[in-house]
Structures are given as C-alpha cells and as structure tokens.
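Structure first, commentary second.
Chains as they are written, first to last, in the UniProt record's numbering: chain D, 1 to 492; chain R, 1 to 257.
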C-alpha cells in the first residue's frame, strides 16, 4: 500500500471495475445519499449560509494572498509557545523529518489522529521502512489499515465497506495488530465500536508519541485545531509525551475569530452536524498538561506551485469537508479508489493533478473524471468552482502551457495520446467556422442516412455499447429554413 | 419583437423538429424569428474538453453572426433552445475574454463578445422573463416528467420556469422525477471518455424516469435527451424523450404526434 498510489491506471479503467461491483455501488449509493440529504437539511437551518460561504471564501483567499506573512507569524507564535517548527518542501523531506523525530525519542510506535496530510505523503509506509509502527486510531482509518486497504473517502475512509465486511476484517486482523476482536463478534454497530474501543485503548495508554494533522492553524496564537467525531484524536493529542503535527501550509487562518466561520460550515458540510462533537486545540506546550514536546511540520508538497496558478489556486481553499464527494454522481458510481489518490472525488480530481503534476496517466485522466454537472460547486462551503478548474486542467493536459514546478515557471508540452482528438477538434473548428462546409457535411449525412450503422467503431463504440444513436434526419434545419423561407413557403 | 434563433449545431444537424417547434411557438406568440444562416456552434465541445484556443474562433464566429444584428437593434434577443449552449455564451464567453487578457492578448476578444453575451437567452427564460408568459396556449394530452439539465439548472438558474410552462399546458399531466437534479451522465465528451460511468448514470436516470410511469421525459437540451433517449431505446422502457419546445409548440389544431 503506497500513499502516493504510483502506477494507478487511468480513471476510466479504474472506474470500469467499480461500476460493475454491485456491492460497492450499493454501499456508496446508500452512504452518499444519506449524508447528502442530511447535509442539505443542516445547511437549510442557517439563514446566513450564503454569507458564511462567502466569508469562508474571502478569509481563505486573503490568507492565501498573504501566505508568506501568516506562515512567518505562525512560526513565531508556535516557537514562542514552546513548539518547534520544521519546513518540508515535499513528501520525502516531511517523512525524513518525522521519522528522525520519532527515532530520537527511542520509541518504535506512534498513535495517529486521522490526517489527510500524512496519507498524502505516505508517512505510515515511510515509518514502517525505519521500523516504526504507526497505529491509526480513527475507526474508519482502523478498518482501512486492518484490511490492508486504501481510504475511499476523505471523511469516511471506509465508506465502501458494509458492516459484515468490517466484522470479518476485525475478526481476522485485530489479533496481529494488538488486542484481538472479542469472541463471537457480530456485525451490530455497538459491538463493532466496542471491539475497536478495546483494541485502541491499549494503544492510547501505551503510546509515547502521537502524530496528527490539523484542520486549522491560527497564525496569531500558534494554535492548531482538530475537529472530530469520535474523541480518539483528543486521546492522541493529550496522552503521549511527544506530539508531531504534519500540516499543509494552506491550512492557516489569521485569527481565532476566523474560526467562527469554519466551525459552522465544516461540520454542517461534512457530517451534517450543527457542531462536531470534539474540537481540540493545542498551542505549543504547557507545564504539567499534555505533550512535553511539540513539533509542527509545515508541508508544501506542491502547494506553492498550485498557488502560482491563478485559476487553479482556489483548490487551496478546500477545508476537506467532502461535501463534493457526497453529491458527485461520478464518485457515487466509481468510488474513491478509482481516483488513485488520497483525495478522491471532485476535489481530488483538481487537487491531485496540481499537487503531483499531470505527467502520470492517472493524473492526466483525473480532470476528465467529471460530467461538469456543477453539483460540487453548488455545495462547496468555500465556493471552489471545481468545474472551472477541471476545464482549466483539461486544457493543461491537451494544450500544455505554463505551469510552476518547484517555484520555476516551465512550459508543458501537450500530453501524448490526444493526437487524434486534437485533430478532430481542429477539423470541427474548421467546419464550424466555414458554414458552407458544415451544410455540405449535413447534406452528405442526410443522403447516406439509410446506411448509417447502429454501432460504430473507434471511440464512438463507447457510445453505441450502451446507447442507441439518434437517426440523422432527412433534412437539416438550415436546409429546411432555406427551402421554406423559415416555414413561410409551401412544403413546410 | 424580433429575435435571432441560435439553434445550435446539434439541433440543426440532428433535431430540426426542435428548431421548427421554436419557430412555430415564437411566431404564435407574436415574435418575429430570423435564422442567420452563417451560425454554427458555440464552441462548448472544444472548450469543455480543454481546447480553449480552438473554441475562441467559434466564440468570435458567434459574435460575428449575431453581434451586428444586436448592435443595430435588428435583434432584440438571441434565443436558443439549449440550456448548456446558453450557459456557454453567458457564463464561459466572459471567462474566455478574461483569459485572453491574462495571456497578454488584450481586450479584443472580450470586446467582441460583450454585446452578444447579455442578449443570449435560453428559450424558457426568454418566455417567462422577457415575454412574461407561462401559458403559451399549448395542448399536449400526455403524462410528462421533466428532467432539469445541469447547465440549465445550475449555470443559468432556470429554476421552476420550465415546469411552470409545462404545468400551464392543457391536457398535460406533470409527474415529479425522483432524483431530478442528478446529472444524466451525458457531459459532452465525458459520455465517450468515461463511458462506463456515463452509462451507469444514464441507466439510473432512465430507471427513475420509468418509475414515474410517464409516457414522455421532457428536457430543455437535446444533447442530454440524445443520451437519455439512446439509453431508453436500449433498455426498452417504453418512454420517449421530447424537447420542451416541441411540447410548448403543440396545439389542438396542430398537435405534436
């Protein structure tokens, strides 16, 4: 299992199998429809939702515009509060820093708060390679880890699993990771939760090192914030002696007051709750309370390059609520694994090709993993125009153009494998700027209509495999208009 | 009132009946309709597939065809029976102008497109907002379910305009479509590039439509209807797709068959 998912097939191939997996389809459909309906109700309760959404967008845009300033302020505040700040340009550097910090404690295991950033960099695997075992403590992450699986959703990583599958995973795998599942474990939610609680408790009480991400970092005070539903995060943040937090640089907000917006929009958008059950904040270290040592690893990993792109930078507003996944008709059918990234769904389709570049097959296919229906933009609590960025990235794939890589402007060549499509688009553009040629083509199609095949070869086969083609009419509208003078002449 | 009909390349080539219906409907409502013969395609297939620079000449062509008539006052509006093509002009043409400016190519594209953008209307919004009618005097004695296509729904914000028009049609029984706001899975080149997912979305849409028991699935965009209709035909659900213009054009004297 690799955090970077190298060698993933392109999205259409990955989705091909998912669409045919009826259990997966049913699990995804049930879960996404339940949560999307709940979200709509939770959002409808607030009469100022539109203003909260705009405020969230404005705060994020302002912070991104002055990111350097706020990051320096954050570093000063964290240091003043007794923490240590580390800067990581990419995944490798972040992994090296965390591994070194863990090894320096003399410990060989860590407990983890659910964190997208550490998944993005493949931290668990990097620690494993140095002989350190990382235990996921979020229930869904635990299911994924025990099942040697990949997360399928940002908020609900095990969304693709049903209760029966989870019981089987617990029964078979818990023993090799720690306390085994109780005898005769059934698939009732209460029993599954209790099994996880017992299994995890032993780890919380033993662990000397905790690793977390953060939902927000407050520049003015150097405070980090994690919002969660289960309370296991708070265990990891308070019980260990050493706490290491790995956080993307875009997670910063200037002031405590800014949190008032996001602590309303995030829970309602993600879990459809008015407020999340646990909000933990930590500021450096404190005498006789919580971890004695605190390290903050600030992760770039493609973020400043993304910030340099004036259309694509809005993806950095994302607060990882996953509302866009839950309304996405493509995600609902293809599932999270098809996106080949820890960030699936519509946000993953614009974030991954920006953070990783569009060179790989999977990253070049992600901007096309959307019908551009716009449901994602409609629900996004920070108003990321995901369709706009998707089209922008499609352009990057087929036309190439300027991008920033490691702080340097480079010009990308068009991706290979689009030559036929490009030729067809050029030909269509030519015909559409020469109306007489278009009319001639329409007449030819009309004359030969009786010979048109019901199934067509090449890319068109993808259409006729599942859908019938419309029949070409005997006369185009323009010819009818000309022949009848817009219906005024006889013979209409 | 005199308007220019922007029929769109798909309708012109594959669905001329929709075009004739628009002409018949608008003429009945006292609107004079012209069809500038040099019109072709708004450029949406190019733009949405990532070929923005190929789409630009088509946007210019659109402004060349319709711009002079708008500027001279010859056309009060440009009407199109396609939510997604109207959204292309109104939402994405301004963006194309901005991008050209950002690429250091000046204001020429933005200036050329500016006059046609606010004058372009999707058919149902023109009827309700500009002409101020919801009862267009139509007669269509069938059960109908309405699918609000994504660009009409979310880009243009058509809201309940189409269903208000349909509800006022004599003889028509409107049935609510479960999951109406979900995409049918067409999405232009998406239907071919991600055909498995597209087909799965289309099949779900058709099953939801069939569950209403209606005879007809109606929408304001023939591209979506081509995908839905093609799926209906393959799944043999015994429903037919009909463009809203054809229903609104149907009368007791000249019923749509």
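Glycine included, C-beta positions come from ideal geometry on N, C-alpha and C. On a predicted model such as this, the values are computed, not experimentally measured, just so you know.
Which whole-angstrom value is the C-beta distance of residue i and residue j, which I expect to be below 8 Å?
i: residue 212(D); j: residue 271(D); result: With 8 Å as the limit, residue 212(D) and residue 271(D) do not qualify as a contact, their Cβ atoms being about 19 Å apart.
i: residue 325(D); j: residue 166(D); result: Going by Cβ atoms, the distance from residue 325(D) to residue 166(D) rounds to 20 Å, so no, they are not a contact pair.
i: residue 196(R); j: residue 330(D); result: Going by Cβ atoms, the distance from residue 196(R) to residue 330(D) rounds to 11 Å, so no, they are not a contact pair.
i: residue 243(D); j: residue 291(D); result: 4 Å
i: residue 177(R); j: residue 210(R); result: The Cβ separation is near 10 Å, so there is no contact.
i: residue 110(R); j: residue 100(R); result: 7 Å
i: residue 83(D); j: residue 296(D); result: 6 Å
i: residue 305(D); j: residue 405(D); result: 6 Å
i: residue 196(D); j: residue 139(D); result: 5 Å
i: residue 474(D); j: residue 428(D); result: Going by Cβ atoms, the distance from residue 474(D) to residue 428(D) rounds to 23 Å, so no, they are not a contact pair.
i: residue 52(D); j: residue 261(D); result: 6 Å
Is residue i near residue j, with beta carbons less than 7 Å apart?
i: residue 180(R); j: residue 148(R); result: yes
i: residue 58(R); j: residue 33(R); result: no
i: residue 10(D); j: residue 362(D); result: yes
i: residue 415(D); j: residue 397(D); result: yes
i: residue 372(D); j: residue 352(D); result: no
i: residue 134(R); j: residue 165(R); result: yes
i: residue 40(R); j: residue 435(D); result: yes
i: residue 70(D); j: residue 252(D); result: yes
i: residue 178(D); j: residue 199(D); result: yes
i: residue 44(R); j: residue 1(R); result: no
i: residue 335(D); j: residue 24(D); result: yes
i: residue 158(D); j: residue 143(D); result: yes
i: residue 228(R); j: residue 193(R); result: no
i: residue 115(R); j: residue 67(R); result: yes
i: residue 123(R); j: residue 81(R); result: yes
i: residue 15(D); j: residue 338(D); result: yes
Over the uninterrupted beta strand (DSSP E) stretch that includes residue i, give me the two end residues.
i: residue 295(D); result: 293 to 299
i: residue 401(D); result: 401 to 405
i: residue 217(D); result: 216 to 218
i: residue 244(D); result: 242 to 248
Can you list the residues of chain R that residue i reaches, using a CB-CB cut of under 9 Å?
i: residue 305(D); result: The contacting residues do not exist; residue 305(D) stays about 18 Å from chain R at best.
i: residue 475(D); result: 16
i: residue 65(D); result: Within chain R, no residue comes near residue 65(D); the closest Cβ sits about 17 Å away, beyond 9 Å.
i: residue 22(D); result: In chain order: nothing, as chain R lies at least about 11 Å away.
i: residue 359(D); result: Neighbours of residue 359(D) on chain R: none; closest Cβ ~16 Å, over 9 Å.
What residues in its chain sit with their C-beta under 7 Å from that of residue i, if we drop five residues either side in the sequence?
i: residue 38(R); result: 65
i: residue 283(D); result: 81, 221, 222 and 223
i: residue 191(D); result: 185
i: residue 246(R); result: 17, 18, 21 and 256
i: residue 251(R); result: 137, 138 and 139
i: residue 86(R); result: 80, 120, 121, 122 and 156
Which residues in chain D sit within 7 Å of residue i, going by Cβ to Cβ distance?
i: residue 57(R); result: 429 and 433
i: residue 182(R); result: 329
Enumerate in chain order the residues of its own chain whose CB-to-CB distance from residue i is below 6 Å, with the five nearest sequence positions on each side excluded.
i: residue 275(D); result: 267
i: residue 150(R); result: 183
i: residue 185(R); result: 198, 201 and 202
i: residue 481(D); result: none
i: residue 298(D); result: 87 and 249
i: residue 77(D); result: 221 and 222
i: residue 84(R); result: 151 and 221
Where do the ends of the alpha helix (DSSP H) carrying residue i lie?
i: residue 76(R); result: It is not in any alpha helix (DSSP H) - residue 76(R) carries neither H nor E in the DSSP assignment.
i: residue 214(R); result: Where residue 214(R) is concerned, there is no enclosing alpha helix (DSSP H), given that its DSSP letter is neither H nor E.
i: residue 183(D); result: No alpha helix (DSSP H) holds residue 183(D); DSSP gives it neither H nor E.
i: residue 353(D); result: 345 to 355
i: residue 330(D); result: 329 to 334
i: residue 19(D); result: 11 to 20
i: residue 87(D); result: Run containing residue 87(D): none in the alpha helix (DSSP H); it sits in the beta strand (DSSP E), 84 to 88.
Ignore the nearest five residues each way along the sequence and tell me which others in residue i's own chain have a CB closer than 8 Å to its CB.
i: residue 132(D); result: 99, 102, 103, 107, 108, 109 and 110
i: residue 2(D); result: Only weak support exists for where residue 2(D) lies, its pLDDT of 38 falling under 50; the coordinates are left without a value.
i: residue 225(D); result: 214, 215, 216, 217, 218, 259, 279, 280 and 281
Along chain R, which residues have their Cβ under 8 Å away from the Cβ of residue i?
i: residue 482(D); result: 37
i: residue 16(D); result: 196
i: residue 11(D); result: 194
i: residue 459(D); result: 192
Can you list the residues of chain D that residue i reaches, using a CB-CB cut of under 8 Å?
i: residue 33(R); result: 486
i: residue 233(R); result: 467 and 468
Under 7 Å between beta-carbons, which chain R residues line up against residue i? List them in chain order, please.
i: residue 322(D); result: Those within 7 Å of residue 322(D) in chain R number zero; the least Cβ separation is about 18 Å.
i: residue 235(D); result: The contacting residues do not exist; residue 235(D) stays about 40 Å from chain R at best.
Can you pull the chain D residues whose beta carbon is under 9 Å from the beta carbon of residue i, in chain order?
i: residue 150(R); result: 371, 372, 373, 374 and 375
Can you confirm whether residue i, when its beta carbon is compared against all beta carbons of chain C, has any partner nearer than 7 Å?
i: residue 84(R); result: In the structure shown, chain C cannot be found, because the protein chains are D and R.
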